[in-house]
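Note sheet for the following structure.
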Amino acid sequence: MAFYVARRTLSIALVLVLISLIVFVAIHVLPGSAATLILGEYATPESLRALERDMGLDRPFALQYAAWMGGVVTGDWGYSLAMKQPVTAIVGLRLRNSALLAVFALVAVALIAVPLGTLAALRRGRWLDLAILTGSYIGISVPEFVTGMVLILVLAGPSLHLFPTGDYAPLAAGLRPWLSHLVLPALTLTLVLLAHVVRQTRSGLVEVLQSAYVRTARLKGATERRIVVRHALRNGLLPAVTVIALDLGYLMGGIVVVEEVFAYPGMGRLILYAIQNRDVPLLQVSILLVAATYAVANFAADLAYAWLDPRIRYQ
Amino acid sequence: MTYSRRDFLRSTALGAGLAAPLAQTLARPSVARAQGDKHGGTLRISATFGLSTINPVAHISGAEWMATRWLYNNLTRLNVKREVVPDLAESWAASDGGRVWTFKLRRGVQFHIGREVVADDAVATMQTILDPKTASPYRGEIGPVERVDAIDKYTVRFTLRVPFADFPAMMTLPVARIVAREGLGDLKALAAKEFGSGPFRLREFVPGDRVTVERFPGYYRSGLPYLDAVTLKIFPEPTTELTAFKGKETDLIWDVSPDLFSQVAGTPGADAMAVSGGTFANVILPSDKPPFNDSRVREALKYTVDRAKMLAAIHGSHGELANDHPVSSAYTFYSQLPLRTPDINKAKSLLREAGQGSGISFKISVAASPPIREQMAVILKEMAKPAGFNIDVEVLPYDRYLAQVWNKGVPYVGFYATRPTADTILMKLYHPKDGLDEGRWAPSHAEAVKMLEQARETLDVAQRRRLYAQFQKVARDDGPFIIPFFRSELSGKWAYVRDFRLNASNFEMDLEEVWLTADAPRKRA
């Protein structure tokens, strides 16, 4: 097990280095630089040259990458080119915000989707099954900006105004403002992610419920509740765990649209900003943090597999 | 949601680690507050983009200019009537025919760091902006400054390379905010800290998301500002921004699109504000090569444009019709010329004269933002079709537009905001050295360009007026741009926000005399 963990950690590190290289190359292939985008339609050849020199963009590509890598290794994550602040100072708040929203959404998804999926599996082919599947599919088929906008207009509109439209509040502002700002974005994401997990729970469970050991459990006279909770769910949840792990990565960096709609400063908006402004140091660190989340979440999912199904052993 | 002002103060103060000094400064106005007092309250403003940095030397967009306007002062400022009025400088005078400008500073003005503003600060700020190593994006806008000197503690002297009549107006520019010289040593730190003397000082700044400023009790205009604090928050999605405004989560929307503007206008208790200035989009017709090197072809295209219809379609008729030159009636040296009306037959005959009777095909490239660029190109395509122009419109992301189209001698749509003076925008558009000459027009019109140089170098107002009028006529008839209209700046606020005046340079948001009535959400104790 220790060997397995070490091997996985090493491969995660390797993946991150590769990603940083790919991002670095990709952003250099795009037209323009941080300097051209900052100066925009006010650029003159002199001001462009001066700014590129100031930002170190006039150095050869390999040298820029090496300098950046050297910084990361020694703990200096660099300066954002567009915001002109240490990347660490910018990323901290966004990472915290994204993590907060991700945890809220994932807990909500798990709490709603697993029981719904179980219920659908138990009532397979009946109207309740159909209703749950259709309902969750509506959530995934409607684009997230529509869901978000509808929730804003209905629940945050002037007539009801149950929750704030967007933005966030620090916990220091009090529990209520803190929570109320999270409700609408978390609800939007829950609606979007519900279908995946419901579907995976249902299909995993349907398969397990037909297996020999469940039949044995039934034959020995176990209650239906005990069969589902003790025997079937542990096995049936495996695919759902994978999906939830992948969703965590998505929530940490892929929810640009939801963050834009709710004016929520998270990692997704930050990455978009970094790309639009060719802000390489900011982009690198942001992407790496999101990639690391993906990798670690997947790793954790694999470990959870072993816990859920003791037959799985890693060496 | 109940969330009292006190909660808000406590939380943000703790967050910023400023609890003690903040409590002191804020306690005073709230204790002294009487019925109908103008003092107190927080004004919450929203915008949709920008706010990357609050470094006045390096900031580049409207939201950033707005924020530094609250934190800093300039030597001069532009009021809503577009007059240059005193700010840190009490008075100024030209000598040597407009080549030397001397500014007398107001005495006793305090920086937030607790020191008096003196001439050395203005000199150090200007030298930093003008130093090429600083790489200030708007360095070129300041003017032909050769050197800056402090003559005594309260006198600053600028020596220019050539006379420049509008120089005092250049000191109103966002880039020319006066920074305490302690702040100029580390320009990187200026991105998140402030060293100003403005009506408000910085409380919290989250780049790309929000800035909160609080009343500076030692401000030189005593008793001002009335507001305790101001928050500027970025809502990237305009619909969310409008919903937040309608729910009174914000008090003022900085810049709204025409369709959202009509929604603000239809909201009871809300004021829709429009001010016409000099903001425009222009179709650039490169005049150094066929087909647009023939002025008849340029004129033919100008004749196809129904300006009133175009303004109605793009900006809901909020604006002023234009005559293919960039000087609107908001500028001092505006000259009223007969407005060009659409005339397809005239356009056709001009094309025939130019030997292009069979029609002309060309491509206009536009950046995807702001949307006015694409709208203008698409409408022009339809309006010009009957005269024989076959226009292909290509929409590009902004980065590709900058890299491949902008200032590359091909037709595209530019976008310019209101500038301090007519000279600024004219030089930018037509001068080959001090500006861009995107239309590649200057080499064939050296005489017209000379007029612009003469006009900026003379102090005689009547003569300047003549020169600018002459130039506007040449630009209208022969110039390389189609400028169909100036679009108004649109904004919205609740009626409880009082004495707010929208500037045509709408990022010059002066909040010193703005106050909230007792029924404002963030004024009730």
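Residue numbers (the numbering used here), protein chains in the order written: chain A, 1 to 315; chain B, 316 to 840.
All C-beta atoms, glycine included, are put in the ideal place defined by N, C-alpha and C.
Predicted, not measured: the structure shown is a model, and the values here were computed from it.
Closer than 8 Å to chain A by CB, residue i
i      : result
B/E529 : no
B/P836 : no
B/D714 : yes
B/R454 : yes
B/G729 : yes
B/E509 : no
B/A718 : yes
B/V415 : no
Interface flag, residue i vs chain B, CB-CB below 8 Å
i      : result
A/G40  : yes
A/A50  : yes
A/H28  : no
A/F262 : yes
A/E46  : yes
A/L164 : Going by the sequence as given, residue 164 of chain A is Pro instead of Leu. A/P164 counts as touching chain B.
A/T188 : no
A/Y273 : yes
A/I312 : no
A/P31  : yes
Environment of residue i [buried if 16+ CB atoms lie within 10 Å]
i      : result
B/E497 : exposed
A/D167 : buried
B/S806 : buried
B/E461 : exposed
B/Q787 : buried
A/W127 : exposed
A/R225 : exposed
A/Y250 : buried
B/L324 : In this prediction, B/L324 scores a pLDDT of 40, lower than 50, which makes its location untrustworthy; the coordinate-derived value is nonetheless stated afterwards. Burial call: buried.
A/W307 : exposed
B/A504 : exposed
B/N821 : buried
A/R7   : exposed
Beta-carbon spacing of residue i, residue j below 8 Å
i      : j      : result
B/D402 : B/N394 : no
A/E52  : A/A35  : yes
B/P701 : B/G754 : no
A/P158 : B/Q719 : no
B/Y713 : B/V681 : no
A/R313 : A/S33  : no
B/T487 : B/R392 : yes
A/P281 : A/R94  : no
B/P573 : B/T363 : no
B/V598 : B/I797 : yes
B/M441 : B/V463 : yes
B/T565 : B/S376 : no
A/L288 : A/L16  : yes
Host alpha helix (DSSP H) of residue i (start-end)
i      : result
A/W307 : V280 to L308
A/V258 : V256 to V261
A/R126 : Where A/R126 is concerned, there is no enclosing alpha helix (DSSP H), given that its DSSP letter is neither H nor E.
B/Y535 : Looking at the DSSP string, B/Y535 is not in any alpha helix (DSSP H), and its letter there is neither H nor E.
A/I12  : A2 to V29
B/P641 : Here B/P641 belongs to no alpha helix (DSSP H), and DSSP marks it neither H nor E.
A/F145 : E144 to L151
B/I687 : I687 to A699
B/N705 : Per DSSP, B/N705 belongs to no alpha helix (DSSP H); it is in the beta strand (DSSP E), F704 to L711.
B/E379 : G377 to L386
A/P177 : L175 to L209
B/T391 : Where B/T391 is concerned, there is no enclosing alpha helix (DSSP H), although the beta strand (DSSP E) it sits in stretches over T391 to L393.
B/P401 : Where B/P401 is concerned, there is no enclosing alpha helix (DSSP H), although the beta strand (DSSP E) it sits in stretches over V399 to P401.
For residue j and residue i, believed in contact at Cβ under 8 Å, the rounded distance
i      : j      : result
B/A465 : B/N370 : Between B/N370 and B/A465 the Cβ distance is about 23 Å, and since that is not below 8 Å, they are no contact.
B/E804 : B/V590 : 5 Å
A/P185 : A/F262 : 4 Å
B/F531 : B/R518 : Not a contact, Cβ separation roughly 11 Å.
A/V87  : A/V285 : 5 Å
B/L695 : B/I706 : 7 Å
B/A480 : B/R791 : Going by Cβ atoms, the distance from B/A480 to B/R791 rounds to 23 Å, so no, they are not a contact pair.
A/A113 : A/V228 : Between A/V228 and A/A113 the Cβ distance is about 16 Å, and since that is not below 8 Å, they are no contact.
For residue i, the first and last residue of its enclosing beta strand (DSSP E)
i      : result
B/A737 : Run containing B/A737: none in the beta strand (DSSP E); it sits in the alpha helix (DSSP H), A737 to Y745.
B/V521 : F515 to V521
B/D464 : V460 to D467
Closer than 7 Å: residue i CB and nearest the ligand SAH heavy atom
i      : result
B/T565 : This structure lacks the ligand SAH; in fact it carries no ligand of any kind.
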